[in-house]
DNA sequence: TTATTAAGAGAGTTTAAAGTCTTTTATTGG
DNA sequence: CCAATAAAAGACTTTAAACTCTCTTAATAA
Ligand code: FES
Ligand code: FES
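Chains as they are written, first to last, in the numbering used here: chain L, 155 to 299; chain G, 155 to 299.
Below, the structure is given as structure tokens:
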């Protein structure tokens, strides 16, 4: 809807890992792919990018896997979106003009500005660890089945 | 941002035609492509779909072109979006679950619901003819240059 | 009624996103 | 140190959106 498929997977994966990291040991790729119902090799690629950008942690080898340490749990969804999809959602023109501009606005500029603002506030105010309880209680889901 | 590129072009083209149709004669493809800075053959394809769905009108031959008759000027942006991009923007899950559900919601469901609602209200309340004055006065733009 | 004009239709190409596979590198338990 | 494990890296394939081209059909003006 707003995000690329890659970014949707990324968010779901990070929420999954954040939840797992609270108590249990590191999560492996197979487990994550399972937990968010995504293609294994594909989510692996995405996680590499998140690790490279410091949003999540990983270690190789036995008992290795992905995790999120306590300080990184303060990251917000906006951080993930910026890394994966860039600033387009926050700064692009909704009608596809090459740049959104106050001085040469498209007809929907004012409307879009408000909507974009609401999206921005939502994403910057949502921390990646804040759904753990609801997820554990089965009130929210990261996959269908 | 929210729309496919095709849909962005479609909206810009319809706004252009609605504006042109107020006074001037029908607009040809070249003129439209020029006016919204889009690939000519591509916008031609898109306009075919809009005509087929009754959102705009066209006639072939000399003095032919695209236009919007007075009753169709009541259409809203939401009508264009539905025809071109379908209902995904209004009904899809923002985290990519195969369907948005109240009973098995994703963690962002409540947030997305509000944003989606705002988008929906904006698009359904915006008529395709309402920007004519601002466009003519050069206060709003359908292309960069 | 015919030449010209402009949209319609359909097939084809390009590009970028999505997804897959195979090899390499790092970690660690034995 | 060595075997096993699991992520990192890179190349590759598939798919769908974006874009192009050519030919056909309809309208009309002369
Ligand atoms: S110019 Fe289009 S959203 Fe600002
Ligand atoms: S379930 Fe994800 S937006 Fe409703």
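Beta carbons are placed, not taken as given, at the ideal position from N, Cα and C, and that holds for glycine.
Closer than 9 Å to chain L by CB, residue i
{"i": "residue 258/G", "result": "yes"}
{"i": "residue 246/G", "result": "yes"}
{"i": "residue 232/G", "result": "no"}
{"i": "residue 251/G", "result": "yes"}
{"i": "residue 163/G", "result": "yes"}
{"i": "residue 268/G", "result": "yes"}
{"i": "residue 298/G", "result": "yes"}
{"i": "residue 276/G", "result": "yes"}
Reduced DSSP secondary structure (H/G/I, E/B, other) of residue i
{"i": "residue 212/L", "result": "strand"}
{"i": "residue 230/G", "result": "strand"}
{"i": "residue 297/L", "result": "coil"}
{"i": "residue 281/L", "result": "strand"}
{"i": "residue 288/G", "result": "helix"}
{"i": "residue 181/L", "result": "strand"}
{"i": "residue 175/L", "result": "helix"}
{"i": "residue 170/L", "result": "helix"}
{"i": "residue 196/L", "result": "helix"}
Cutoff 9 Å: residue i Cβ touching any chain G Cβ
{"i": "residue 196/L", "result": "no"}
{"i": "residue 272/L", "result": "yes"}
{"i": "residue 219/L", "result": "no"}
{"i": "residue 289/L", "result": "yes"}
Distance CB(residue i)-CB(residue j) smaller than 9 Å
{"i": "residue 267/L", "j": "residue 251/G", "result": "no"}
{"i": "residue 244/G", "j": "residue 221/G", "result": "no"}
{"i": "residue 198/G", "j": "residue 282/G", "result": "no"}
{"i": "residue 237/G", "j": "residue 204/G", "result": "yes"}
{"i": "residue 170/L", "j": "residue 183/L", "result": "no"}
{"i": "residue 294/G", "j": "residue 260/L", "result": "yes"}
{"i": "residue 180/G", "j": "residue 213/G", "result": "yes"}
{"i": "residue 269/G", "j": "residue 248/G", "result": "yes"}
Residue from the options with nearest C-alpha to residue i
{"i": "residue 226/L", "options": "199/L, 291/L, 284/L", "result": "284/L"}
{"i": "residue 202/L", "options": "168/L, 191/L, 276/L", "result": "168/L"}
{"i": "residue 278/L", "options": "187/G, 280/G, 292/G, 262/G", "result": "262/G"}
{"i": "residue 162/G", "options": "191/G, 272/G, 208/G, 218/G", "result": "191/G"}
- Item | Contained beta strand (DSSP E) runs [length at least 3] in the stretch 217-273 of chain L, N- to C-terminal order | Counting only runs of 3 or more, we get 219-221.
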